Each structure stands twice: as structure tokens, then as C-alpha cells.
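Enquirer:
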Amino acid sequence: MDLVIRDAHVIDGTGRARYRADVGVDGGRIAAVVAEGSGRARPTGRRVVDADGLVLSPGFIDMHAHSDLALLRDPDHSAKAAQGVTLEVIGQDGLSYAPVDDRTLAQIRTAITGWNGGGPGSTDIDFSWRTVGEFLDRLDHGFDGQGIAVNAAYLIPQGTVRMLVLGWEDRDATPAEVERMKALVAEGLEQGAVGLSSGLTYTPGMYASDAELTELCRVVAAYGGYYCPHHRSYGAGALRAYEEMVALSRESGCALHLAHATMNFDVNKGRAPELLTLLDAAIADGADITLDTYPYLPGCTTLAAMLPSWAAEGGPDAALARLRDDAEAERIRHVMEVDGADGCHGVPIDWDTIEISGVSDPALSRYIGKTVAASAREHGEAPWVTARRLLLDDHLGPTILQHVGHEENVQAIMKHPAHTGGSDGILHGAKPHPRAYGTFPQYLGRYVRELGVLTLEECVAHLTARPAARLRLPDRGQIREGYRADLVLFDPETVAAGSTFEAPRTLPTGIPHVLIDGRFIIEDGRRTDVLAGRAIRRA
């Protein structure tokens with residue numbers, strides 16, 4: 120055998136109790152799992168790793184990642200590799216880079232530059248693809264044909280599809296336009312995408328009616344994929360928004376995976392049990408529902424996402440034009456601060472909760488790490504004046520941390536049997552959310568070892584076998600003979616997130632080894648030069 124991991128405490132992903140075993144790896148797959156006391160001969164290999172005192176688990180699957188360009192920009196990608204992540208699901212929140220044409224590619228690069236960089240004028244990425252298949256091929260090729268740091272699966276972004284067919288218009292699609300969108304979704308699924316994502320508080324995806332979304336989801340269901348919506352509200356209308364997605368899933372027959380599922384803002388403090396009751400009833404009635412969360416309280420998005428949807432109709436250039444117009448800007452301010460914009464989940468914005476985490480223009484870096492309200496006080500002006508200037512000067516580029524979460528909701532939701540882990544990690548910006556570098560060790564260290572919210576066996580199942588089942592991966596997510604050797608060795612006594620809000624790019628501790636297809640991408644706590652990642656296509 121190529122490798123034997125000796126005397127590991129195996130947590131196999133199924134949720135059953137850990138056991139001590141030797142695990143042999145050969146040809147990129149798990150060739151032998153020999154439990155202590157089984158009577159089987161211990162495997163031998165060309166290399167042996169002593170895992171005494173360490174847990175061996177399947178590689179972690181990040182069900183909600185924003186590494187769409189990072190995977191092509193950064194061959195190291197330790198942000199995820201060092202956490203034990205061996206597979207990321209990208210194309211999230213209805214906005215990504217395929218399928219596109221020249222027009223929509225330019226628009227999408229501007230619209231989500233705050234998430235990924237890659238804005239107009241940047242040259243660090245060769246945007247040579249246009250279809251989903253071409254983008255997946257680009258991931259396979261990676262760096263000089265050697266691949267990428269970790270595996271990646273892709274969701275077709277519904278907002279990008281709508282942009283391609285309707286532009287940025289806030290109107291119902293015609294029957295012919297719906298058929299064109301359905302054809303694009305089918306094409307992307309045939310080329311290997313695993314499902315469809317939506318960002319229903321982001322333009323232009325939020326302009327879609329439930330009837331339009333249902334038609335797209337029927338296509339996804341026919342291909343055995345799943346629908347992953349960032350639904351219409353995590354605030355004032357959160358429960359109604361969840362009900363809407365459950366009803367849409369049942370009407371279309373499409374499996375549902377709820378993105379970064381939570382109940383935020385003061386209106387939802389302590390209301391997670393209401394969400395879980397809704398989901399339990401639907402699951403008991405036969406609905407196929409899973410969800411993901413990150414183990415932190417603040418959210419992270421772009422400052423432009425807080426705008427009312429009508430302010431962004433027509434695309435980024437139209438949004439900037441409205442912000443330059445004093446009368447339109449005042450109208451935007453009133454909706455955001457008094458009525459509660461749909462971009463801010465129907466809740467009047469509290470500028471003391473909006474912290475600037477990144478800007479595209481380094482000349483604006485003085486705003487980073489401060490709330491909009493704090494910067495406004497420094498300038499002796501109203502918060503909206505500061506926010507408007509930032510949006511204009513940075514061409515919609517600022518990213519934000521939004522401090523609106525509740526610990527009791529986070530803990531209640533992560534314990535649900537349908538739960539999986541997703542970092543929602545935005546890697547771009549000077550001061551990103553620490554979840555980008557810390558989600559998985561945060562689960563294992565804080566919520567398992569320190570707080571006891573989950574047992575270690577339960578938590579590993581949430582991060583491995585359960586997401587693999589949602590993705591319909593027949594040979595990943597468990598430690599079982601014949602499965603891919605995507606593996607993590609960690610110390611359950613010391614594993615912890617190093618990243619903090621003050622130092623968000625600090626790598627975790629207690630994870631000495633990570634393997635993809637039996638190849639070490641982390642060895643003795645250090646990133647190797649191995650590029651074992653590929654695009655994982657729909658089976």
C-alpha cells in the first residue's frame with residue numbers, strides 16, 4: 120500500500136462511536152480499515168504515519184463557499200486546506216461567473232467584486248470561459264494543468280442566468296424567457312453542475328417570481344440536483360421566507376438545501392425553534408431538506424447588498440447613477456433607515472452594526488474595521504453620507520460584517536439532524552470574516568470540546584457524510600474501504616480556529632495532516648505543493 124495511518128481514532132462520518140484502527144491507502148482510495156481487535160492482519164505500506172492520539176475523519180465538505188476565483192488565483196489556498204476542507208461547493212447565492220456572455224461577465228465582475236475581487240480592470244484571472252462546462256474544465260486544469268488546492272462542486276447561479284436572459288429588469292419573465300432560462304439550467308447540469316443557487320435578496324435574482332423559480336427547480340429535480348436558495352429574508356420576514364422555499368421545493372419536487380440558515384436581527388431573537396418545527400413537519404411529510412450554517416454570529420456581504428432592490432434595477436452602472444442623484448439618494452436613505460429595505464431583510468438599518476471589512480480601492484482602507492456609524496462620527500456627518508460616499512468612491516466594492524446574530528439561534532440550528540457545515544467564507548478584502556479561515560475547527564474546538572453542543576461523532580457526520588449524501592457522492596464522506604482517501608487527522612484536545620475578528624487570516628491549530636485522493640495537501644501542519652483538487656461533477 121502507498122500509506123498506512125497507524126493507530127488512529129477513527130470517526131468514520133456515520134455518527135457511530137469512534138474506534139481504534141489502522142487505515143491503509145492505495146491508489147488514492149481507502150484500501151483497508153482494520154479495527155483493533157478485529158483479528159485481521161495489520162496493513163503494511165511504503166509509508167506509515169503514527170496517528171496515536173489523533174482522530175482520523177473524512178475530509179470536511181464546505182457546503183457554502185465563495186472561492187469561485189480564489190481557487191484559480193491562489194494555488195496555496197490554505198484558508199480552506201488548513202481547516203481540513205477537501206471539497207467546496209461554489210456558485211453560491213445566485214451570483215457567479217458561468218454561464219455568461221461578454222456583457223454579463225463584465226456586469227457580474229462589477230457586481231460581486233466585493234466577494235471575490237476580479238473587478239473590471241483586474242488582470243489576475245483569465246476569464247476565458249463562458250459556459251458551466253468550460254468553467255469546470257478551467258478548475259480541472261487549475262495551475263499549469265496540475266489542478267487546484269481542493270475539490271470544488273458548482274451550483275448554477277440563478278441570478279446570473281436571469282441576467283443573461285432578461286438583464287437587470289424588475290419584471291416577470293415571459294414564457295419564452297422562462298424556457299430559455301430552463302434550457303441554460305439544463306445545459307449547466309448536463310455539463311456537471313450539482314444544482315441551482317439563488318440569492319433572493321440580491322439583484323437581479325430577487326426579481327424572479329415563485330412561479331419562475333418553480334419552473335427552474337423542476338429542471339433541477341429532473342437531473343437529480345438540489346436547489347440552494349439564499350431566501351428572501353433572514354430578518355422581518357424570515358419565517359415566511361422559509362415557508363416559501365419549502366412550498367416551492369414541494370411544488371417542484373426538487374430537493375432543498377437552505378443556505379446559511381439562521382434567524383437574524385432582534386425581531387428573531389430566540390425564534391430558531393419555530394424554524395425547526397417548520398422543517399421537521401415538512402421532512403416528516405416527505406420533503407427532502409437539508410441546510411448549512413456557520414458557527415459565528417455576524418453575517419458578511421457587500422454594502423451594496425443593503426440597498427433596496429429597485430435602486431439596483433438596471434445593473435451596477437444604474438445603481439451608481441441613482442446614488443449620484445441627490446433626490447434618488449435621499450429616497451434610498453429613507454427606505455433603508457425608516458422603512459427597512461428588502462436588501463436589509465425588511466429591517467431598518469442600524470449603522471452601528473455595519474462594519475466595513477474590505478474595499479477595492481486601497482485609498483479607502485481607513486474605513487476598514489470601523490462601523491459606518493463610527494466613521495460618520497469621526498467625520499461629523501450622518502451615517503448615510505458616509506455610506507453613500509463609500510459606495511460611490513469604491514464603485515460598490517465595500518464588503519461588510521453585519522453584527523445581527525443570536526447565539527441561541529446558532530446553537531439550536533446546528534444541532535438539527537439535517538444540518539451541515541458551510542463557511543460562507545468571503546476570502547477577499549483586508550479584514551474578512553474569520554469564518555473563511557476558521558469555520559471547521561471552530562465547530563470542533565468551540566462547539567464540541569468547549570461547549571458540548573454536539574458530540575464529536577455527531578459533528579463529524581454533519582461536516583462529512585451528510586453533505587456528501589446531499590451532493591450524491593457515492594464514494595466520499597465516510598471512512599470505508601473503496602472510498603476516496605479524502606482524510607483529515609486532527610487532535611481533538613487542541614483543534615481550534617486561529618482566526619479572530621481582529622486577525623481573521625490566522626490559520627487553525629491541531630490539524631497536522633489533510634489528504635485528498637491519498638495525497639498530502641497538509642503535512643505536519645504545513646501546506647505542501649500538491650494540487651490534488653478537481654471539479655466534482657454531478658454523477
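Numbering follows my numbering, with no gaps: position 77 of the sequence shown is 196.
Glycine included, C-beta positions come from ideal geometry on N, C-alpha and C.
Remember, it's a predicted structure, so these values are computed and weren't measured experimentally.
If you draw a straight line from the alpha carbon of leucine 511 to that of leucine 442, how long is it in whole angstroms?
Expert: One C-alpha to the other measures close to 7 angstroms.
Enquirer: Could you tell me how far apart the beta carbons of alanine 357 and methionine 382 are, in whole angstroms, since I believe they sit closer than 8 angstroms?
Expert: Yes, alanine 357 and methionine 382 are in contact; Cβ-Cβ is about 5 angstroms, under 8 angstroms.
Enquirer: State the Cα-Cα distance for the pair leucine 303 and valine 280, rounded to the nearest angstrom.
Expert: Leucine 303 and valine 280: Cα-Cα distance of roughly 7 angstroms.
Enquirer: Excluding the five sequence neighbours on either side, which residues of its own chain have a C-beta within less than 8 angstroms of the C-beta of proline 551, listed in chain order?
Expert: Here the set comprises Cys419, Ser476, Gly477, Thr518, Gly544, Ile545, Pro623 and Arg624.
Enquirer: In its own chain, which residues sit with a C-beta less than 7 angstroms from the C-beta of glycine 462, not counting the 5 before and 5 after it?
Expert: Thr320, Ala424, Met425, Leu426, Pro427 and Ser428, listed in sequence order.
Enquirer: Considering Cα atoms alone, identify which of Gly158, Ala360 and Leu634 is closest to alanine 140.
Expert: Of the listed residues, the one whose Cα sits closest to alanine 140 is Gly158.
Enquirer: Tell me the rounded alpha-carbon separation between proline 392 and glycine 596.
Expert: Their Cα atoms are separated by approximately 29 angstroms.
Enquirer: Under 7 angstroms from any heavy atom of the ligand NAD, does the C-beta of glutamate 309 make it?
Expert: For the ligand NAD, the structure offers nothing, since it holds no ligand at all.
Enquirer: Taking DSSP's pairing of strands, which residues face phenylalanine 179 in a bridge?
Expert: In the DSSP output, where bridge partners are listed per residue, phenylalanine 179 has Val204.
Enquirer: Could you give the DSSP three-state label for tyrosine 345: helix, strand or coil?
Expert: In the structure shown, tyrosine 345 sits in a strand (DSSP, three-state: E or B).
Enquirer: Who are the near neighbours of asparagine 235 in its chain, counting only those whose CB is closer than 6 angstroms to its CB and skipping five residues on each side?
Expert: Counting only Cβ-Cβ distances below 6 angstroms, and skipping sequence neighbours, we find Asp187, Leu188 and His547.
Enquirer: Buried or exposed for threonine 229, going by 16 or more other Cβ atoms inside 10 Å?
Expert: Threonine 229 is buried by the Cβ-count criterion.
Enquirer: Closest to aspartate 385 by CA distance: which of Val284, Val523, Arg554 and Val633 is it?
Expert: Closest by alpha carbon: Val523.
Enquirer: Helix, strand or coil for alanine 184? Go by DSSP, reduced to three states.
Expert: It is a strand residue.
Enquirer: To test your reading of the DSSP string, which unbroken alpha helix (DSSP H) runs of 4 or more residues are found completely within the region 570-657?
Expert: Runs of the alpha helix (DSSP H) inside the region 570-657: 575-582 and 584-589.
Enquirer: Determine the extent of the beta strand (DSSP E) in which tyrosine 138 is found, giving its start and end residues.
Expert: Start and end: 138-145.
Enquirer: Identify the continuous alpha helix (DSSP H) that holds glutamate 393 and give its terminal residues.
Expert: Here the alpha helix (DSSP H) through glutamate 393 covers 391-403.
Enquirer: Pull the bridge partners of asparagine 270 from the DSSP assignment, please.
Expert: According to DSSP, asparagine 270 bridges with Leu206.
Enquirer: Ends of the alpha helix (DSSP H) at threonine 558?
Expert: Taken as a continuous stretch (DSSP letters only), the alpha helix (DSSP H) holding threonine 558 covers 554-561.
Enquirer: Given this structure, state the Cα-to-Cα distance separating alanine 380 from glutamine 277, to the nearest angstrom.
Expert: Distance between the alpha carbons of alanine 380 and glutamine 277: 19 angstroms.
Enquirer: Can you give the beta carbon distance from threonine 539 to arginine 589, rounded, assuming they're within the 8 angstroms contact cut?
Expert: About 7 angstroms; that satisfies the 8 angstroms criterion.
Enquirer: Can you tell me the Cα-Cα spacing of leucine 285 and proline 294, whole angstroms?
Expert: Roughly 12 angstroms separates the two Cα atoms.
Enquirer: What first and last residue would you give for the alpha helix (DSSP H) that runs through glutamine 226?
Expert: Here the alpha helix (DSSP H) through glutamine 226 covers 221-230.
Enquirer: Would you grab the beta carbon distance between glycine 178 and valine 633 for me? Rounded to a whole angstrom, and I think it's under 8 angstroms.
Expert: About 7 angstroms; that satisfies the 8 angstroms criterion.
Enquirer: Can serine 371 and cysteine 347 be called in contact, C-beta distance under 8 angstroms?
Expert: Against a cut-off of 8 angstroms, the Cβ pair of cysteine 347 and serine 371 comes out as no contact.
Enquirer: For alanine 446, which option in Asp458, Ala430, Gly459 and Asp436 has the closest C-alpha, if you only look at C-alpha atoms?
Expert: Closest by alpha carbon: Ala430.
Enquirer: Who does glycine 540 pair with in a DSSP beta bridge?
Expert: BP columns for glycine 540 point to Thr412.
Enquirer: Mark proline 481 as exposed unless 16 or more other C-beta atoms lie within 10 angstroms of its C-beta, in which case mark it buried.
Expert: Under this definition proline 481 is an exposed residue.
Enquirer: Just reading off the alpha helix (DSSP H) that glycine 418 is part of, what are its end residues?
Expert: Unbroken run through glycine 418 is the beta strand (DSSP E), 418-421; no alpha helix (DSSP H).
Enquirer: Under the rule that 16 or more other beta-carbon atoms within 10 Å means buried, what is tyrosine 265, buried or exposed?
Expert: This sequence places glutamine at residue 265; tyrosine is not what is there. With fewer than 16 Cβ atoms within 10 Å of its Cβ, glutamine 265 is classed as exposed.
Enquirer: Only counting runs of 3 or more residues, tell me where the beta strand (DSSP E) segments fall wholly within the region 415-467, in order along the chain.
Expert: Whole beta strand (DSSP E) segments, 3+ residues: 418-421.
Enquirer: Where does glutamate 155 fall in DSSP's three states?
Expert: In the structure shown, glutamate 155 sits in coil (DSSP, three-state: anything other than H, G, I, E or B).
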